[in-house]
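The structure appears below as structure tokens.
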Amino acid sequence: MNVVLAVKQYVSKMIESSGTGMKVLLMDKETTSIVSMVYTQSEILQKEVYLFERIDSQNRESMKHLKAICYLRPTKTDFTLPRIL
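Be aware that the sequence shown starts at 5, since it is given in the numbering used here, and climbs by one per residue.
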């Protein structure tokens, strides 16, 4: 099995299941690395993902007009951070 292709299909399905419209992809340190290995920025832009944001970033603006897709590892830290969003 081609791991890169499998990850690409998984991320693609996640993005497509959110429907149409502008989206933000919210990731942690690990998933940011994973996505950057399988997608170029232009490829992900074609899927209407216009913003890539780290969940641990302190400098965030409220963007309620965007759909958020959270791609996180199942860690205690990652699941307590969305509560403060």
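Idealized CB from N, CA, C, for every residue including glycine.
Taking the C-alpha atoms as reference points, what is the distance between residue i and residue j?
{"i": "valine 8", "j": "valine 28", "result": "22 Å"}
{"i": "isoleucine 88", "j": "isoleucine 73", "result": "Caution applies to isoleucine 88, whose pLDDT of 48 falls short of 50 and renders its modelled position unreliable; the value that the coordinates give is listed next. Cα to Cα, the separation comes out at about 16 Å."}
{"i": "glutamate 57", "j": "asparagine 6", "result": "27 Å"}
{"i": "glutamine 45", "j": "tyrosine 54", "result": "9 Å"}
{"i": "isoleucine 38", "j": "methionine 18", "result": "14 Å"}
{"i": "serine 40", "j": "lysine 68", "result": "25 Å"}
{"i": "proline 78", "j": "alanine 10", "result": "19 Å"}
{"i": "serine 61", "j": "glutamate 20", "result": "25 Å"}
Where do the ends of the beta strand (DSSP E) carrying residue i lie?
{"i": "methionine 31", "result": "27-31"}
Can residue i and residue j be called in contact, C-beta distance under 7 Å?
{"i": "leucine 30", "j": "isoleucine 48", "result": "no"}
{"i": "valine 4", "j": "lysine 12", "result": "Here the chain comprises residues numbered 5 to 89, so residue 4 is not present and cannot be evaluated."}
Is residue i near the ligand PLP, with its Cβ less than 6 Å from a heavy atom?
{"i": "glutamate 34", "result": "Within the structure as shown, the ligand PLP is missing, as the structure has no ligands at all."}
Assuming residue i contacts residue j under a Cβ cut-off of 8 Å, what Cβ separation, rounded to an integer in Å, is found between them?
{"i": "aspartate 32", "j": "leucine 76", "result": "5 Å"}
{"i": "glutamate 52", "j": "methionine 26", "result": "6 Å"}
How far does the alpha helix (DSSP H) with residue i in it extend, from its first residue to its last?
{"i": "lysine 51", "result": "No alpha helix (DSSP H) contains lysine 51, which DSSP labels as neither H nor E."}
{"i": "leucine 9", "result": "7-20"}
Sort out for me which residues DSSP pairs residue i with in a bridge.
{"i": "leucine 71", "result": "Residue identity differs from the one stated: residue 71 is lysine in this sequence, not leucine. Answer by DSSP bridge pairing, in chain order: Lys27."}
{"i": "arginine 77", "result": "Per DSSP, none; premise fails for arginine 77."}
{"i": "glutamate 57", "result": "Leu30"}
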